[in-house]
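These notes are about the structure you will find just below.
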Amino acid sequence: VHVDRLGVYNSKMTQTNQTPHHEEHSRLQWLDLVRGLGAFLVVLAHVEYTGGGRGMVAGFYYLITRTAVPLFFMASGLLLLGKNETYLDFFKKRAVKVFLPFVIWSVIYMVWQNGIPTAPISEIIVSFFVKILRGPRANHLWFFYELLGLYLLTPVLRILVQKAAYKDLFYFLGMWFVLTPLANLLPEFTPVTLGFEFYFLNGYIGYFVFGYLVGKVEVTRAHKQVAGAVFISVLAGTLFGMYLFRTYEIQSQYLESYLGVNVVLLSSSLFVLCKDLGTPSSFLQLISLMSRTSFGVYLVHVIVMTELFSTPLLSPLTTTGLAAYMIPLIGLLGYLCSVLLIVIFQKIPVIKFLVP
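Numbered per this note's numbering, the sequence shown spans residues -8 to 347.
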């Protein structure tokens, strides 16, 4: 998600708000990679492929894509919770850079799906406004409804996390993990349902705070080895679980949930693995391009994928070959076309504000 590159913490657990530009840019290169990777995975998640060899192969790719949105939440938490700015500055930036594009793209998706209504303009505006309030006008736009709640909490939350000791942050994240991902297991696989209410710990706030914590602490080689082991073991375990669900026809979407234990562990371990990841100088421009187009790609990719692969030239790709190579190929093609479109949009004076 496109946010300002300010208030990032260095790897020695100390806040650095006044640092040379090149040092700040160096620390942020890995976040550019995270945003670019997240955008590609979002596109990959929306690949419509009905060819051969799907089965667990398609499940594997889809499982990997479930880390995309959590990566965005964690990157946003890292970048936003370490900053110090007035309420006015914070909400003005979010309104212009995030929610104005969100509203306009919600309207674009409504028109794309249903055409322009034949009614007085005032009625159309009211109708569109009410529909946007009710819920996302395209499935992937749900992200912004969750993001609004985190943004409203951010000015207060940043005060708490900046003054908190590490043990306090770990306690908060531990509570969130137990009372959200773990607690969600009970009604899913047992007859037990918790009657207690923990609204303040529901949702994606754990990802937000975890991103801040990862940005603040030094991630050692040992930490990355543990993260790698967690990622591989949870990935393998989840694939086995998906196989069992398919074999025994268990109707559950828990293994795909962004707030499931497995997806939380996959996403958080991947984020740790990306921390301070070195990028060859020859790839810096590419990573930067992926990062600065990531927000626009998120907004536009559904239209691009739908229209692109409904053409006579490219629609055969969705039914030929084998899933193992066709799914990533289709995803890459859709991603590249989305990036190209955003690069063009960002050069047009008025339209560029829709894809900041």
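Glycine included, every Cβ here is placed at the ideal spot set by N, Cα and C.
Quantities reported herein were computed from a predicted structural model and do not represent experimental measurements.
Excluding the 5 residues flanking it on each side, Met101 has same chain C-beta neighbours closer than 7 Å at Phe119, Lys122, Arg128, in chain order.
The stretch 268 to 286 makes contact with the stretch 332 to 347; the number of CB pairs closer than 8 Å reaches 3 or more.
The alpha-carbon of Ser224 is positioned some 27 Å away from that of Gly43.
Straight across, the Cα-Cα distance linking Gln20 with Asp267 is about 8 Å.
Under the three-state reduction of DSSP output, Gly46 falls in the helix class. For Arg212, the uninterrupted alpha helix (DSSP H) run begins and ends at 212 to 238, by DSSP. Per DSSP, the beta bridge partners of Leu313 are Gly43. Counting along the chain, Lys84 sits inside the alpha helix (DSSP H) bounded by residues 78 to 85. The C-alpha of Gln276 lies about 10 Å from the C-alpha of Thr270.
DSSP, reduced to helix, strand and coil, places Ile241 outside both helices and strands of the structure shown, so it counts as coil. Between Phe199 and Phe64, the C-beta gap is smaller than 8 Å, which places the two residues in contact. Shortest Cα-Cα distance from Ser258 to any of Glu240, Leu299, Phe163, Phe222 involves Phe222.
With 16 or more other CB atoms across the displayed protein chains lying within 10 angstroms of its CB, Thr58 is buried. In this structure, the straight-line span from the alpha carbon of Gln104 to that of Leu290 is close to 15 Å.
Between the beta-carbon of Phe262 and that of Leu62 there is about 6 Å, and that keeps the pair under the 8 Å contact cut. If you draw a 10 Å sphere on the C-beta of Ile95, you find fewer than 16 other C-beta atoms in it, and that means exposed.
Judged by beta-carbon spacing, Pro319 lies beyond the 8 Å limit of Leu144, meaning their Cβ atoms are not closer than that value. Arg149 and Val38 have their C-alpha atoms spaced approximately 37 Å apart.
By the neighbour-count definition (other C-beta atoms within 10 Å, threshold 16), Asp80 is an exposed residue.
From the listed residues Leu70, Tyr136, Cys328, the smallest Cα separation to Ser97 is found for Tyr136. Cβ-Cβ separation between Thr171 and Leu192: approximately 6 Å, consistent with a contact (criterion under 8 Å).
In the structure shown, Asn75 falls within a coil segment according to DSSP collapsed to helix, strand and coil. Inter-residue distance for Leu70 and Tyr203 is about 7 Å (C-alpha atoms, whole angstroms). Membership of Asp159 in the alpha helix (DSSP H) is indicated by the continuous run 157 to 168.
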